[in-house]
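Below is one structure; the comments refer to it alone.
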Amino acid sequence: IYVDLNKFDKTKTQEMALEIESLNQYMIEQKRKYVLIGPGRWGTRDRWIGIPVKWHMISNARVIVETAMDDFPLEASSGSHFFHNVTSMSVGYFTVQPELSTSYINFKMLDDQLLVYQGEYFKHIRFKTPVKIKMDGRKRIYLISV
């Protein structure tokens, strides 16, 4: 599940939080974990630097990916109860800085996958083959591939 960058509007992050809450509930009912990708800081209280979700709104995510956009930079996290939930629930948490050559998300590849749901701000896709997730927190290296 990822934010459709063509529909992203930094003034609508509160509405995005409500949409992802609904998608998360659907995924819980389907007994499916998911990778969540979006710009800015997930779980922030400041809607101008990220999507202001509370933990229960994305609790079925297995991996959370934050990324920056040209007009929506990724601010450094100052820590919170939200991040405590991420770590205590063993949820993968990645930060992607597109300005680095080793850090990117292939949105074109995501857009080419089977579209399960197109919402106001989010796309839910499914791959033909299982997603592989590799993480090394000590080295700060991570990879999601199909």
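In this text, residue positions in the sequence shown follow the working numbering: the first is 94, and each later residue adds one. No residue lacks a Cβ here, since even glycine has one placed at the ideal position from N, Cα and C.
To the nearest whole angstrom, what separates the beta carbons of residue i and residue j, a pair I think is in contact under 8 Å?
i, j, result
"Val-156", "Phe-187", "7 Å"
"Leu-98", "Met-162", "7 Å"
"Leu-207", "Ile-218", "6 Å"
"Tyr-178", "Trp-148", "It should be pointed out that residue 178 corresponds to Asn in this sequence rather than to Tyr. About 4 Å separates the two Cβ atoms, so the contact holds."
"Met-120", "Asn-153", "5 Å"
"Phe-165", "Pro-132", "5 Å"
Just to confirm, is the Cβ distance from residue i to residue j under 8 Å?
i, j, result
"Ile-113", "Phe-215", "yes"
"Phe-220", "Val-239", "yes"
"Ile-226", "Gly-185", "yes"
"Thr-106", "Arg-138", "no"
Looking at the structure shown, is residue i part of a helix, part of a strand, or coil, going by DSSP?
i, result
"Thr-87", "Residue 87 is absent from the structure shown; the chain starts at 94 and stops at 239."
"Leu-98", "coil"
"Ser-115", "helix"
"Ile-237", "strand"
"Ile-121", "helix"
For the beta strand (DSSP E) containing residue i, list its first residue and its last residue.
i, result
"Val-128", "127 to 132"
"Ile-157", "154 to 160"
In chain order, which alpha helix (DSSP H) runs of at least 4 residues are fully inside the region 170 to 225? List check, alpha helix (DSSP H) in window: 174 to 181, 200 to 204.
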